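Data first, discussion second: the structure below is written as structure tokens.
In the numbering used here, the protein residues as written are 1 to 134.
Here it is as structure tokens:
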């Protein structure tokens with residue numbers, strides 16, 4: 001599943017919030033005013049090193065700059081593993097197996113806003129299904 005790139009809109013909004021002109025931003029990142037113009041039009045994306053500089057200037061993550069939100073899946077993963085270890089240790093291996101499977105990660109990416117307790121219910125269903133189909 002492809003994430004929607006919102007870089008031009010986000011960059012424009014950030015520039016407006018800091019009252020930065022294209023020329024001023026270009027000077028901060030070592031690029032020309034025309035480069036900034038291309039970025040804002042969505043015709044061209046800057047190199048990742050420049051995206052990192054921009055993120056640093058605006059004190060946000062590169063994911064926030066490109067997509068408009070933080071990538072907190074690692075944080076959620078660690079929180080979920082800790083919860084499962086403490087409450088349902090028998091489901092930790094299943095959760096890790098699902099997390100490592102690229103096809104199944106898509107499913108859980110959709111459910112990443114679930115509370116650990118809700119995730120546990122889903123894992124129990126999967127675990128039961130796996131046991132019944134063996």
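We treat Cβ as the ideally placed atom computed from N, Cα and C, and that holds for glycine.
Fair warning: this is a prediction, and the values are worked out from it, not measured in the lab.
By Cβ distance below 8 Å, which residues in the same chain neighbour residue i in space, the five residues on each side in sequence not counted?
i	result
residue 133	none
residue 62	48, 51, 52, 55
Near residue i, which residues of its chain fall below 6 Å by C-beta distance, leaving aside the five closest residues on each side in sequence?
i	result
residue 32	26
residue 14	58
Among the options, whose alpha-carbon lies nearest the alpha-carbon of residue i?
i	options	result
residue 80	66, 15, 118	118
residue 86	15, 116, 101, 23	116
residue 5	99, 57, 39, 101	39
residue 88	24, 37, 121	121
Assuming residue i and residue j are in contact, meaning their beta carbons sit under 8 Å apart, how far apart are those beta carbons, in whole angstroms?
i	j	result
residue 94	residue 125	Contact doesn't hold; Cβ gap of about 11 Å is too wide.
residue 10	residue 28	Between residue 28 and residue 10 the Cβ distance is about 16 Å, and since that is not below 8 Å, they are no contact.
residue 30	residue 8	Wrong, their Cβ atoms sit about 20 Å apart, outside the cutoff.
residue 69	residue 99	So it is not a contact: roughly 20 Å between Cβ atoms.
residue 22	residue 36	4 Å
With a CB to CB cut of under 7 Å and the five nearest residues on each side skipped, what residues in its chain are close to residue i?
i	result
residue 123	91, 94, 95
Subject >> Runs of alpha helix (DSSP H) lying entirely within the region 41 to 103, each at least 4 residues, in chain order >> reply: 48 to 58, 62 to 67, 73 to 87, 92 to 100
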